[in-house]
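Asker:
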Amino acid sequence: MDHACAAGRAGGITTGVLSAANEKAMEMFIVEKISYLDIFKYVELTCDKHRAELVVNPSLEEIIHYDLWARKYVVGLLPSPIAV
């Protein structure tokens with residue numbers, strides 16, 4: 001909840017990034033790629049990474065771009081499988 005409030009205070013596209021990251025993390029939890037406790041970690045890491053690219057007054061194109069970016073970033077946080 002604190003992270004959602006912080007995203008709201010940051011403004012701009014931050015809440016959209018948080019929402020997209022949360023949706024993707026939830027999808028990964030449902031298919032058992034991450035644990036329940038990982039959801040918050042993945043969302044937090046995504047929002048922290050996005051902070052450097054904060055867009056205060058985003059265009060529709062920027063909203064779509066950062067929604068897709070957040071989803072891809074969350075997937076990219078998964079550990080790579082170890083080749084044997």
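First residue of the sequence shown? That's 1 in my numbering, and the numbers climb one at a time after it.
All residues carry an ideal CB built from backbone N, CA and C; glycine is no exception.
1) If you count every other CB in all the chains shown that lies within 10 Å of the CB of I13, and 16 or more means buried, which is it?
2) Can you tell me which of the three DSSP states L37 falls into?
3) Going by beta carbon distance, what residues of the same chain come within less than 8 Å of S35, once the five residues before and after it are set aside?
4) DSSP state of I13, grouped into three classes?
5) Hey, C47 and L18 are a contact pair by Cβ (cut 8 Å); roughly how many whole angstroms apart?
Answerer: A quick look at the data gives this:
1) Here residue 13 refers to the residue found at position 13 of the sequence shown. Buried, by the Cβ-count rule.
2) The sequence position of residue 37 within the sequence shown is 37, counting from 1. Helix, per DSSP.
3) Taking the first residue of the sequence shown as 1, we reach residue 35 at position 35. Excluding five sequence positions before and after S35, the CB atoms of its chain that fall closer than 8 Å to its own CB belong to F29, given in chain order.
4) Taking the first residue of the sequence shown as position 1, residue 13 is located at position 13. I13: coil per DSSP, three-state reduction.
5) The residue given as residue 47 occupies position 47 in the sequence shown. The residue given as residue 18 occupies position 18 in the sequence shown. In this structure, C47 and L18 form a Cβ contact; the two beta carbons are roughly 5 Å apart against a cut-off of 8 Å.
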